[in-house]
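*Asks:* The UniProt record's numbering applies: residue 1 is where the sequence shown begins, and numbers increase by one. Heads up, the beta-carbon is just placed ideally off N, CA and C, and yes, glycines get one too. Keep in mind it's a predicted model, so treat the numbers as computed, not measured.
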Amino acid sequence: MKRIKLQMIRESSKDIPMYELPKGYRFRMFKDGDQQLWANIEMRVDEFKTEKDALQRFNREFGSHIHEMEERCLFIETEEGEAIGTTTAWYGDLKGDGKIRGRIHWVGVVPKYQGRGLSKPMLSQAMEILVGKHDEFYLTSQTTSWQAVNMYLNFGFEPVQLDENYDEAWSLMEEKLDKKIR
């Protein structure tokens with residue numbers, strides 16, 4: 001499938017779908033020193049070619065915001081304490097209109113643990129973090145992450161048109177997911 005960037009918005013912070021983690025897993029928040037751990041997970045989910053690249057991105061994007069990361073970034077761990085997933089309940093200006101919205105950012109579960117019911121609880125938890133801070137949420141994704149896009153749709157996110165790729169991206173999603181989206 002062609003990889004095309006897409007954007008989604010949820011215009012309400014109410015009625016967040018809640019999912020519990022399966023037995024044997026737990027959440028924990030980021031703490032200073034977890035930068036390498038974050039980079040390792042993001043590299044393992046193919047967001048970056050190397051851990052070094054991921055760490056450089058972390059430092060560029062979050063390096064001066066470690067205290068905020070401790071309140072906004074979460075990990076999923078196994079009972080043994082192995083971190084196997086992460087996401088960040090961040091913020092940003094999606095539309096360039098000066099409005100700061102909550103952002104679901106850098107969602108990833110390492111491949112060995114995918115398909116075990118971890119992504120929905122992680123998204124629920126991240127959205128709960130955002131609820132107290134923002135009225136609207138957004139995220140960016142890509143067509144190759146169609147399973148995640150389907151989950152985001154089920155959580156109340158909707159397509160938002162910000163670039164010339166909108167029609168092509170969402171036509172692909174409608175075809176792949178076999179449903180009308182927009």
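Count the C-beta pairs between the region 6-24 and the region 58-66 that are closer than 8 Å, then say yes if the count reaches three, no if not.
*Replies:* No: fewer than three Cβ pairs fall under 8 Å.
*Asks:* Could you name the residues that DSSP lists as bridge partners for L74?
*Replies:* M29, T87
*Asks:* Does the distance from the C-beta atom of P17 to that of F157 stay below 8 Å?
*Replies:* No, the pair does not count as a contact, with Cβ atoms beyond the cut-off.
*Asks:* Is the distance from the Cβ of I129 to the Cβ of T86 below 8 Å?
*Replies:* no
*Asks:* From the DSSP secondary-structure annotation, give me the bridge partner or partners of L55.
*Replies:* None; L55 has no bridge partner.
*Asks:* Is it true that the region 24-44 meets the region 133-145, where meeting means three or more beta-carbon pairs spaced less than 8 Å apart?
*Replies:* no
*Asks:* Considering only their Cβ atoms, is the gap separating I4 from residue 185 smaller than 8 Å?
*Replies:* The displayed coordinates of the chain run from 1 to 182. Any statement about residue 185 would go beyond what the structure contains.
*Asks:* In whole angstroms, what separates the C-alpha of E80 from that of E164?
*Replies:* 46 Å
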